[in-house]
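>
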Amino acid sequence: MKAIILVGGFGTRLRPLTLSVPKPLVDFANKPMILHQIEALKEAGVTEVILAVAYQPSVMVKFLDEYQKKLDIKITCSQEETPMGTAGPLALARHLLDDGSGEPFFMLNADVICEYPLKEAYAFHKSHGGEGTILVTKVSEPSKYGVVVFDEDDEGKVDRFVEKPKEFVGNKINAGLYVLSPSVLDRIEMRPTSIEKEVFPAIAAEKKLHAMVLPGYWMDVGQPRDYLVGLNLYLNGLKEKKPEALAEGENIQGHVIIHETASIGEGCVIGPNVCIGRGCKVEDGVLLKNCMVFPGVTVKKHACVTGSIIGWSSVIGQWSRLENMCVFGEDVQCKDEVYVNGAVVLPHKEVKSNVQTPQIII
279 MKAIILVGGF GTRLRPLTLS VPKPLVDFAN KPMILHQIEA LKEAGVTEVI
329 LAVAYQPSVM VKFLDEYQKK LDIKITCSQE ETPMGTAGPL ALARHLLDDG
379 SGEPFFMLNA DVICEYPLKE AYAFHKSHGG EGTILVTKVS EPSKYGVVVF
429 DEDDEGKVDR FVEKPKEFVG NKINAGLYVL SPSVLDRIEM RPTSIEKEVF
479 PAIAAEKKLH AMVLPGYWMD VGQPRDYLVG LNLYLNGLKE KKPEALAEGE
529 NIQGHVIIHE TASIGEGCVI GPNVCIGRGC KVEDGVLLKN CMVFPGVTVK
579 KHACVTGSII GWSSVIGQWS RLENMCVFGE DVQCKDEVYV NGAVVLPHKE
629 VKSNVQTPQI II
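For the sequence shown, the working numbering assigns the number 279 to the initial residue and increments by one for each residue that follows.
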């Protein structure tokens with residue numbers, strides 16, 4: 279069984295983190311984002327994963343070499359010389375996806391975090407006999423999204439798509455995970471193409487597209503605020519499915535992951551919704567809440583970090599306070615006793631004085 283993951287381009291929404299590594303290799307809950315998906319695909323029986331890459335292919339290839347050995351799964355790159363949209367990559371990788379067996383394949387957007395019910399989606403696809411299966415997720419404000427209108431009583435048969443509806447037509451949106459039969463490839467030309475706007479409506483018009491409602495949580499983590507929401511959802515999911523992965527102790531509040539190589543000082547308050555990466559050093563009296571602390575970070579005594587993302591090998595000075603969606607790139611040095619409000623700081627920069635209002639520090 280095969281799968282293709284749309285790795286995408288420059289990851290501009292998640293800068294400055296993507297100035298150091300391609301977006302799929304940005305840490306999420308102490309492993310590269312894309313590794314969550316590859317592990318789920320492996321568990322579902324996939325033997326080959328194709329990454330549709332448009333940015334820093336050499337970095338991705340190095341990643342492939344490491345993880346295909348660790349996971350015992352074949353990982354190959356399909357490189358886009360120019361951006362090909364969300365369907366064009368399928369045409370580029372057709373020779374890899376269609377081996378003549380007629381077996382369906384998975385297609386995933388790299389930004390999506392969920393519980394990945396891929397075995398169930400595959401079984402559903404085989405049962406209805408159509409050309410495509412879209413996984414959809416329920417949202418509270420469908421007017422912000424493109425809504426998938428389908429008949430839940432008729433094998434989830436998709437009727438139409440409505441972009442940002444002004445009147446209520448449904449509350450299920452495309453979750454960015456699909457099961458597709460190889461015949462779908464015949465519908466895609468070798469050009470920049472949108473699978474959502476060009477290919478899926480054509481399949482739906484022939485009554486060959488079906489929707490399956492995604493159980494559990496879902497989030498597109500392609501921008502910082504959504505990244506932290508996704509981390510919260512992921513940690514909640516761990517509590518239900520794998521509670522032993524969560525940290526415990528008097529200084530832990532709510533759901534927290536701490537890498538086994540990280541050190542935590544005395545008198546700290548960690549959580550809720552915190553992930554601390556490999557080799558981090560958190561000194562005495564630190565407060566961390568609703569934040570992601572990337573590998574190699576040092577948080578000095580009595581610092582306070584809330585609602586923020588701290589990039590690799592950064593240093594947070596003692597008695598400093600970061601809040602309101604600060605995003606530090608790699609190797610940012612924040613001096614002692616500094617207040618930082620919503621700053622986006624590029625890699626290898628210093629924060630020497632208070633930042634009272636949200637801004638970009640370059």
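All C-beta atoms, glycine included, are put in the ideal place defined by N, C-alpha and C.
1) Using DSSP with H/G/I as helix, E/B as strand and the rest coil, what is Gly410?
2) Among the residues of its own chain, which have a CB less than 6 Å from the CB of Tyr394, if the five just before and after it don't count?
3) Indicate, with yes or no, if the ligand HEM has a heavy atom lying under 8 Å from the CB of Lys352.
4) Would a C-beta distance cut-off of 9 Å place Ile587 and Leu303 closer than the cut-off?
5) Do Lys301 and Gly508 have their C-beta atoms closer together than 9 Å?
6) Are the Cβ atoms of Cys612 and Glu628 separated by less than 9 Å?
7) So Gly589 packs on Val610, CB below 8 Å; how close in whole Å?
8) Along the chain, where does the alpha helix (DSSP H) containing Ile536 start, and where does it finish?
9) Quick one: grab the DSSP three-state call for Met362.
10) Is the region 303-316 touching the region 337-352, taking contact as three or more C-beta pairs under 8 Å?
11) At what residue ranges does the region 350-403 contain a whole run of the alpha helix (DSSP H), taking only runs of 4 or more?
12) Under the rule that 16 or more other beta-carbon atoms within 10 Å means buried, what is Met497, buried or exposed?
13) Taking the alpha-carbon of Asp350 as reference, which of Leu342, Ser421, Glu430 has the nearest alpha-carbon?
14) Buried or exposed, going by whether 16 or more other CB atoms sit within 10 Å of the CB of Ser298?
15) Output yes or no for whether 9 Å exceeds the beta carbon distance between Ser461 and Glu409.
16) Do you know offhand how far Leu368's Cα is from Gly380's?
17) Would the beta-carbon of Met385 fall within 9 Å of that of Arg469?
18) By DSSP's criteria, Gln611 is part of a beta bridge. Which residues make up the other side?
19) Looking at the structure shown, is Val304 part of a helix, part of a strand, or coil, going by DSSP?
20) Should Glu321 be labelled buried (16 or more other beta-carbon atoms within 10 Å of its own) or exposed?
21) Give, in chain order, every unbroken run of the alpha helix (DSSP H) that is at least 4 residues long and sits entirely within the region 441-528.
22) Anyone know if the C-beta pair for Lys594 and Lys578 falls short of 9 Å?
23) Nearest to Arg503 by CA position, among Glu601, Leu374, Val324, is which residue?
24) Is it right to say Lys713 is buried, meaning 16 or more other beta carbons lie within 10 angstroms of its own, or is it exposed?
25) Can you give me the Cβ contacts of Val331 inside the same chain, cut-off strictly under 6 Å, excluding the 5 residues immediately before and after it?
26) To the nearest angstrom, how far is the alpha carbon of Glu484 from that of Arg465?
27) For Asp389, is the classification buried or exposed, using 16 other Cβ atoms within 10 angstroms of its Cβ as the cut-off for buried?
28) Could you work out which residue in Val622, Lys517, Pro382 is closest to Tyr456 when comparing CA atoms only?
29) DSSP state of Phe341, grouped into three classes?
30) Just the C-alpha distance for Ala281 and Leu370, rounded to the nearest angstrom, thanks.
31) For Phe446, does the count of other Cβ atoms within 10 angstroms reach 16, so buried, or fall short, so exposed?
32) When burial is assigned at 16 or more other CB atoms within 10 Å of the CB, is Thr438 buried or exposed?
33) With a 10 Å radius around its C-beta and 16 neighbouring C-beta atoms as the bar for buried, classify Lys567 as buried or exposed.
By the coordinates alone:
1) strand
2) Ala318
3) Because no ligand of any kind appears in the structure shown, any question about the ligand HEM cannot be addressed here.
4) no
5) no
6) yes
7) 6 Å
8) Careful: Ile536 lies outside any alpha helix (DSSP H), inside the beta strand (DSSP E) at 534-536.
9) coil
10) yes
11) 366-370, 372-375
12) buried
13) Leu342
14) buried
15) yes
16) 15 Å
17) no
18) Val593, Glu628
19) coil
20) exposed
21) 478-483, 502-519
22) Looking at the sequence itself, residue 594 is Ile, so the reference to Lys does not match. It is a contact, given that the beta carbons lie within the stated cut-off.
23) Glu601
24) Residue coverage of the chain in this structure runs from 279 to 640, which leaves residue 713 outside it and unanswerable.
25) Val285, Met338, Cys355, Gln357
26) 13 Å
27) buried
28) Pro382
29) helix
30) 14 Å
31) exposed
32) It is worth fixing the name first, because residue 438 is Arg in this sequence and not Thr. Exposed, by the Cβ-count rule.
33) buried
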